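Chains as they are written, first to last, in this note's numbering: chain S, 6 to 359; chain Y, 11 to 348; chain C, 77 to 579; chain R, 117 to 438.
As structure tokens, this is what we get:
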């Protein structure tokens, strides 16, 4: 008898847990929505995608009275495609996906179209161009960042040749096209003699990037521009530099190196607006991408946008750097894109006092 | 109905596998009640589709675990075969001047690669007496590195030949080829498990290695064979994955080895070997898939799902260990009485 | 010999650093029961392993039925008709009787098992020996003797001409041994050659035709048992010649009473019962050696396990006048009860660790100083026991795994003695131990009783119990049949009667 | 004490072999990369493997008992996040470190109960703990409003992890030395260490010798989680942020380090000296490949190959001994 009660208790608890964990809300409310959209982010582990999903959910509900079902892609091809399949099975009206691989995007588009469900891809352009696509203009912004970094370095140290090191995600080709390669193009546009010394995998992680950067700087102490293909890696590079007694700037004048990142999250901007830190540039777009996704999905559902034609919506990936962006602008960017509620100026001051 | 059949049915109903099956049913009922997005034919098709690779490789892994071995390299093996298969089909072997190959030939070569990885595992474990965990962990790294290096980390997505996706996507009389293949493999492995010399020898090796050895079973050869078999199945899974998604990706199968491990464990094959059923593994794979799918349908954040995964894993193993000790005690009591 | 079925000539086996067989030559006749005896490490098991294909020889020659015999694998040896019945039974517990019968020799088509017509034949062989074994029983529900029957049937089934039995009686009760001997004689009458290995000389005299004695890798004697029996007189255990061949010294077995302090009860057991035991009551006095004797399964080991806190029980145990309330091994140890377990390898020694590390394991306090392990203290403890028990080892740092069985047992006993417990339970203290070590262990037990400690010996060897114990508790099916005083002229017929269930 | 420490080194033939491998690696790398043989570089390597050494020293004892802990990476991440979260929300740093370490020990307790008491296979039990701890780490980060915690950390957050002892030696290296000697001490001089070997060599004999096996296993798991948790705090404090995914694959690294150090997975043998050497091999390998600019794909292959070679070399040296 005691055992039976215990078993019942456990079963009830187990059944209640998912509900407690945030599930089961849709029952009473789903019928009130006009549309159901699906969204597959690259991975929920990045602040960028968490913010993008939240923006999408809020914007779609407000503007189009649409509910958004989010299934994480977990940065994994099988999981991403399974998520697409599940969204199809759940009969969503349209979906949006953001992956790290063009082949994966193409496969997803094929799946969705076979089921006659509109789909929009983001960032990574599928090779089969048969569906609308949201393209943050990362290439241009990366080029701009590279050029600006090179200019600032040349202005401060005209005698020291530019040596660039990069941290990437381990050979994803689109990253070269839009981020690392473009950045280096920018550098070269200012100093044609600049050299790309090394490019290693930072695994998108701060800690791993820090370890790798320590090794990079050991092998190539002459490196003076470091680009991390996302903010996490740039922050790791900064931590490594600080550990070696570098990573400093003299009120915005480069001393040892310039670090650039990507995504423009709050953690990065706090460093960027610290005049003494060498992490100085980044760019990003969250809100506009999410809004474009919702707009495109709505457009496809209502017939305003053709479902099976390539249609690119370009979104500015806003460059933010210490020299050309005002603190107020950056504050506003964070508020709009990352649900930031603090004061950037205060956060920068707090971080500086360390 | 003959008495032996009755006995078999009775045995099945009282087995942990059947209870696991009941849990599986209960999960389905729960999710169907909790969300209206779950109980749909298409959703079930997806659930099965998404667990096919685990089911295919799980067949080999179950046999391996029966012999007290395990294979952590299956995920990397899947990725390597996936990418090489696509590479051969799209580019051939450029530096030897070999043109793109017919799919069947590419598939054959890739199966051999899968078998080779199994062979290396087997050699390290049987000849050099490596711990299976260590040997296959080394192969996990090597396989993944080779997969990424083959294509310099890029996926292959252009120049995919016609018919590349047919085996993974097309249907025969409305039934996906994928299901037919899985059904075929699972049924043959169930037969292997119950009726074949191999299945029996696998159980014998896991339950009492010395007895198996002194009964004249070539233990090393059986284990080697099972590793090769698992390698071949992983290779097949690599081909099917490539075909299903119609592109080659060196990053597939990350964490796949642990998913397979969990499915096999949930299915009631202990790490210490000596027993296990293919049917249990299939239920294990389906439970994992249904759980993920159902929680997604309920809109549960992924991180909570991770927590549930841990709780379920621990819960299931406690459940199995309870069942085991109770079942054994009952039989022993019966044995002493009779 | 003209009719030699197996001829062994100058057989040598070398391991890295060790020569296990140093040139052995002898013959085995067809259809005979050929006993092989020797102390542990004498080379018996190496010889057997070469014969069965588990090892390959270094040099020398074996011929089988006139042909050169060089098995490359166990399979190979089996195909030539050589089967083995190992001491550790090689049946797979999780398979059924039927599946075990065909293990390794399945008939198959394309890898799938075909119905084996032989199984029925084997089952008939089995039923010839034991009717209670069923075809679809999982083997873990069978007793040791029943599992042995399965193995013997399997061997016969494989149409062997030679059956090697490695200490088959080690874990059988006398009743089961008798039945086994009947079966062995049946096999002999079918013309099967049997190579029989045992430590129990009485068994050799009972069923052996020939006996070969190994010592230190050499063949030191090859005799006809009939001949020996004539020269030995009526008591086979005291066969001086055979024992001298094996160990080079004569072992006298005679009961010497200990100085028991009957005024001081150290252990009182009242109405002990559990799944395997019913209503066990007895007392143990200071300085006494109490023996428990009975068939295997009579409950000897179970009593030891209860007293040592391993198994649950109903009833009362009083140690030194205190009633035991807490259960468990650690509280038993705390109350001054220590046990030497039956299974040395799985429950006794830490084979990878050195002698020095093994000995203080039961009482780490003896080597601690200020709460930390003191190496000088530890060395002193180790050296003391190595000397006291004359453990033959290279030095105290030698891993226990490299010691012979007898020396391993001494390490286990040393570990237990270091606990300084007042009551010591010894479950089969001399099992699998050669004759010399056996006598040494007996002397240790006597010296313990002289020191005022009380010892309980659980043994399935009657001579040991008669030789050693002051009182003997006779067990039958979980009950005490009789508690008798040991005397010089103890009546062994009466003992047999009691343990068989009579009064 | 010194004499007693020397003894196991001399008895163990694998340790000289490992030392030999390290020597060869150092010589080869010195020739191949001009920047290798520099004090700063060795400092870098030590900093990188410091975390492994501290955690693996504890995990090694678990492996000596014949068990293993796959949850260290998740506990590591969980602790970093928790410490950052509490520090950010007003808990004083020292206090937060204390609470984090205590909670980290709870994971060890869970592992200990599952493995020691309920006798669940450690691979599965600790895999389960891994999932739960990792999930919760992500949930804490999410509750804070993002994927990692960096913003709004108090000014003195990094002063612990970046503290230089005597103004020269990074604190992490000091902790590595402390952990090394602590575990060497536990291994050689305490009954806990001795009993760990006993449990690994023969669990049932240990039980019958009166060793409280459950307690030993539980203590070791708690100790290991404490080390993992403390390292999580240390790392997070050094880097100045906490991310819930930092511990990915850490458990496999720790495992490899132990195995390379000559610890048998089945238990009964192994030493923290081997762990130190194993970690140095891994550190040199990655550092060397990074210095030579070898791409990450080849590094993955290299890791697997070195693992096989190291184990094979050890097996040979073991075979020579017996």
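All residues carry an ideal CB built from backbone N, CA and C; glycine is no exception. Note that the coordinates shown come from a computational prediction; the quantities given were computed from them, not determined experimentally.
Residues bridged to residue i [DSSP beta-bridge criterion]
i             : result
residue 547/C : 366/C and 561/C
residue 444/C : 449/C
residue 430/C : 475/C
residue 206/Y : 188/C
residue 253/S : 282/S
residue 415/C : 501/C
residue 349/C : 390/C
residue 88/S  : Looking at the DSSP assignment, residue 88/S forms no beta bridge with any residue, so it has no partner.
residue 140/C : 82/C and 143/C
residue 69/Y  : Partner(s): none; residue 69/Y has no beta bridge.
residue 319/S : 140/S
residue 204/S : 171/S
Alpha-carbon to alpha-carbon, residue j and residue i
i             : j             : result
residue 346/Y : residue 416/C : With a pLDDT of only 37 at residue 346/Y, under 50, the local geometry of the prediction cannot be trusted, and the value read off the model is given with reservation. Taking the straight line joining both Cα atoms gives about 27 Å.
residue 574/C : residue 137/Y : 55 Å
residue 428/C : residue 153/C : 32 Å
residue 191/R : residue 315/Y : 18 Å
residue 430/R : residue 374/R : 13 Å
residue 313/C : residue 303/C : Here the model assigns residue 313/C a pLDDT of 42, short of 50, so the residue's position is not dependable, and the following value carries that caveat. Spanning the two alpha carbons is a distance of roughly 16 Å.
residue 248/Y : residue 272/Y : 20 Å
residue 274/Y : residue 166/Y : 32 Å
residue 426/C : residue 270/R : 53 Å
residue 480/C : residue 514/C : 13 Å
Residue-level contact to chain Y via CB, residue i, 8 Å cutoff
i             : result
residue 281/S : no
residue 419/R : yes
residue 567/C : no
residue 179/C : yes
residue 83/S  : yes
residue 423/R : yes
Short CB-CB distance (under 8 Å) between residue i and chain S
i             : result
residue 205/R : no
residue 409/R : yes
residue 359/R : yes
residue 165/Y : yes
Test: residue i CB closer than 8 Å to a CB of chain C
i             : result
residue 312/R : no
residue 176/R : no
residue 125/R : No answer about residue 125/R holds up, because its pLDDT of 45 lies below 50 and its placement is not dependable.
residue 298/R : no
is_contact[residue i, chain R] using C-beta, thresh 8 Å
i             : result
residue 327/Y : yes
residue 238/C : no
8 Å contact criterion, which residue i and residue j should meet: CB distance rounded
i             : j             : result
residue 192/S : residue 152/S : 7 Å
residue 197/R : residue 347/R : About 13 Å; that fails the 8 Å criterion.
residue 459/C : residue 470/C : Not really, about 13 Å apart at Cβ, beyond 8 Å.
Touch check for the segment 229-247 of chain S and the segment 179-186 of chain R: three-plus C-beta pairs under 8 Å?
The segment 229-247 of chain S is not in contact with the segment 179-186 of chain R.
Taking contact to mean at least 3 C-beta pairs separated by less than 8 Å, is the segment 113-128 of chain S in contact with the segment 83-91 of chain S?
The answer is yes - the segment 83-91 of chain S touches the segment 113-128 of chain S, with three or more Cβ pairs under 8 Å.
Counting Cβ pairs closer than 8 Å, one from the segment 234-244 of chain C and one from the segment 195-210 of chain C, do we hit at least three?
no
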